[in-house]
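See below for the structure under consideration.
Here it is in structure tokens:
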């Protein structure tokens, strides 16, 4: 039963896109052994979000969709030694949304926050940038881009500016300066994790600038930083850290450059749909 | 210098830091190294790399050029006993476990487990080249340092551009493949030094070594990678590399190629016992092909900390590495490690499928893994087969062996030889054959690869490793739970 608000809610498209990525992982990349931790992630994010909105007395059960997006992000990126650690991840991700807010904006993308904290401070969690391989990527991209276009979130510019920045930098450094073949350059982009970040993490409307020009400058800045950390400081998980340290500045940018605040559901005026 | 053949073969390395070794041989040698071994030790930014060499030829004709990320002092280079490679290999190679069925008719349980060593890899012997120290000309090549370490003479070079380095190498007696210049350039641009290793015959004689020993280097640098590309410059075919990695956190994995586990815990026909090496080669080849020829395969991962109480392997095909081996490999050289995690990776690479060097990442993944295959020997039939249990046992045995043959076909893509009559070997003692057998198939035909289950090697399709039948109840429950939440969220108002 598709209702008007479901069509208008871009989260539905994001959920679909992430689910397709996850399904590909489960069916083709042998991730089925991770299913218990996926289930725990999804279930506990759902639970924490329900508790939080109940406790705060918010009439916004549609925000459960946001928690589903968060949990899918955890499934796609975070790897843990024990499935139950996903409960901690979910608590960090959902909890931080309600605790750290500034003028209605999140300071961090929930999934990225949980990933950064767990990878940095526990010896039981990690990110696996090489998990996607290459042959599988094309269909994923088609779905991913399709999702973006369908998203109506008007955030596709962030993704493309980011990708183009990375592509240019990488071309200049590896092909033009160092003299590697074009294949090396292509190989850099043919990596699922980069696209996953571009399509689903840095485009998060809650943690990217509202102002159109600022948003594009923002994407360039992220691209430059991720490239620098990844290829000059040699940290393969660069995107996680760069995003973690950069998103807290977004509310400040938003406060400085006036623009309308983001609402998930278009054409409807929910009281609190920024959760 | 009449034709100096160059066997390029990458040991390892790093972009700004490339450890790709070329083995440079005189006389256009038709040497073919298609397998190399490397030990990586990584703790923070501290890295120790030990390169096993497979040079098989006259040591006077050998030289190795290894790009390194930073200048190395005399104390950063050492030569280690090559036994370390065979011990690590023996400990971590794919294994065969053998079990015996219980006698169905009136004899007590008799289970023996036997571990068969799989395929110890043969060590490689680096070789050498004759002495010729070269003065600096207009090559833009500087000799930054010069050491004799063990039986090796080592020069540390820095170069300004690839053509100069190429000319320097050529003028000093190394024949460089045409493509080498193109491959050298990116490493020079990344500010790498090159170290040229030759054998010092006098030292070798003095030391009484009959083979070249592995060279070990250590340095502090954030980059954690192996420069495969250098090794591909003169080889069009595939090369194999076994990487043994030690890290204090958990598994070491490749960060820019997919990491895949080789198939494990499979029951296979007992006649494979004596050909396990050939069998595993076929298994690897099939898996490599199925995964698109561009994956890094995990063959072993285990916590080998001496203080850790768990079993170190199951079954063990070789003794687990102990302090002596850790010291040799370089574990703990930058301070004591509370934990030692060991990973064995197998990479089969070629130019078209591995366009970029291998980058590694030390993760916290502590899941243990071993490539293990199981032989289940039938009961000897000392008590006969006539009891009811005996008859049932034989019927089950028939079915089990059918599954084993299917598994064999799947694992090896039809590469490994089938044995006719394996499934029906014990059928003669079955008094009454189950009806459905006759209806379904002729058992003799079943095992023919061309008739059922056997794929021609080139037809092996990418493995849609769905194999839901292998999923555990936890995994199925997981899917159900995920779907439930998704539906609820979708319907939320």
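Residue numbers (this note's numbering), protein chains in the order written: chain L, 1 to 275; chain P, 276 to 768.
For each residue, glycine too, the CB sits at the ideal point set by N, CA and C.
- For residue 187 of chain L, the C-beta contacts it makes with chain P under 8 Å involve 531, 630, 631, in order along the chain.
- Nearest Cα to residue 131 of chain L within the set L/221, L/84, L/193: L/193.
- For residue 572 of chain P, the enclosing beta strand (DSSP E) starts and ends at 570-578.
- Chain order gives the chain P residues near residue 33 of chain L as 750, where near means a beta carbon separation below 8 Å.
- Within 10 angstroms of the beta-carbon of residue 627 of chain P lie fewer than 16 other beta-carbons, which makes it exposed.
- Residue-level contact by beta carbon fails for residue 55 of chain L and chain P, as no gap is shorter than 7 Å.
- Against residue 641 of chain P, the close residues of chain L are 81, in the order they occur along the chain (beta-carbon pairs closer than 7 Å).
- At a beta-carbon threshold of 8 Å, the residues of chain P lying near residue 42 of chain L are 756, 757, 760, 761, ordered along the chain.
- By the criterion of a C-beta distance shorter than 7 Å, residue 36 of chain L is surrounded in its chain by 83, once the five residues flanking it on both sides are discounted.
- Within chain L, the residues whose beta carbon sits less than 9 Å from that of residue 465 of chain P are 178, listed in sequence order.
- DSSP, reduced to helix, strand and coil, places residue 767 of chain P outside both helices and strands of the structure shown, so it counts as coil.
- Sorting P/486, P/441, P/594 by C-alpha distance to the C-alpha of residue 414 of chain P places P/441 at the top.
- The beta-carbon of residue 460 of chain P is placed less than 7 Å from the nearest beta-carbon of chain L.
- Residue contact check for residue 65 of chain L against chain P: a CB pair falls below 7 Å.
- Not one beta carbon of chain P lies nearer than 7 Å to the beta carbon of residue 112 of chain L.
- Here DSSP, grouped into helix, strand and coil, assigns residue 654 of chain P to coil.
- Proximity of residue 423 of chain P to chain L, defined by a Cβ-Cβ separation below 7 Å, is not satisfied.
- Residue pairing from DSSP leaves residue 347 of chain P without any beta-bridge partner.
- Your pair residue 354 of chain P and residue 490 of chain P checks out as a contact, with CB atoms roughly 6 Å apart and the cut at 8 Å.
- For residue 195 of chain L, there are no neighbours in chain P by C-beta distance under 9 Å, as the nearest C-beta there is about 14 Å away.
- For residue 699 of chain P, no Cβ of chain L is located within less than 7 Å of the residue's own Cβ.
- DSSP places residue 256 of chain L in the helix class (H, G or I) of the three-state scheme.
- In the structure shown, residue 677 of chain P falls within a helical segment according to DSSP collapsed to helix, strand and coil.
- If you keep only unbroken beta strand (DSSP E) runs of at least 3 residues inside the segment 165-218 of chain L, you get nothing at all.
- Identification of chain P residues near residue 126 of chain L by a Cβ-Cβ cut-off of 7 Å yields 638, 639, 640, ordered along the chain.
- Excluding its 5 nearest sequence neighbours in each direction, residue 625 of chain P has C-beta neighbours in its own chain below 6 Å: 513, listed in chain order.
- Distance from the CA atom of residue 519 of chain P to the CA atom of residue 14 of chain L, rounded to whole angstroms, is 41 Å.
- DSSP, reduced to helix, strand and coil, places residue 240 of chain L within a helical segment of the structure shown.
- For residue 125 of chain L, the uninterrupted beta strand (DSSP E) segment begins and ends at 125-127.
- DSSP, reduced to helix, strand and coil, places residue 78 of chain L within a strand of the structure shown.
- In the assembly as shown, residue 66 of chain L is a buried residue. Its beta-carbon has 16 or more other beta-carbons within 10 Å.
- Nearest to residue 552 of chain P by alpha-carbon distance, out of P/368, P/622, P/682, is P/368.
- Distances from the CA of residue 217 of chain L to each of L/202, L/56, L/230 were compared; the closest alpha carbon is that of L/202.
- In chain order, 437, 440 place their CB closer than 6 Å to the CB of residue 459 of chain P, counting only its own chain and leaving out the 5 sequence neighbours on each side.
- Per the coordinates, the alpha-carbon of residue 78 of chain L lies some 18 Å from the alpha-carbon of residue 28 of chain L.
- Under the Cβ criterion of 7 Å, residue 123 of chain L is counted among the residues facing chain P.
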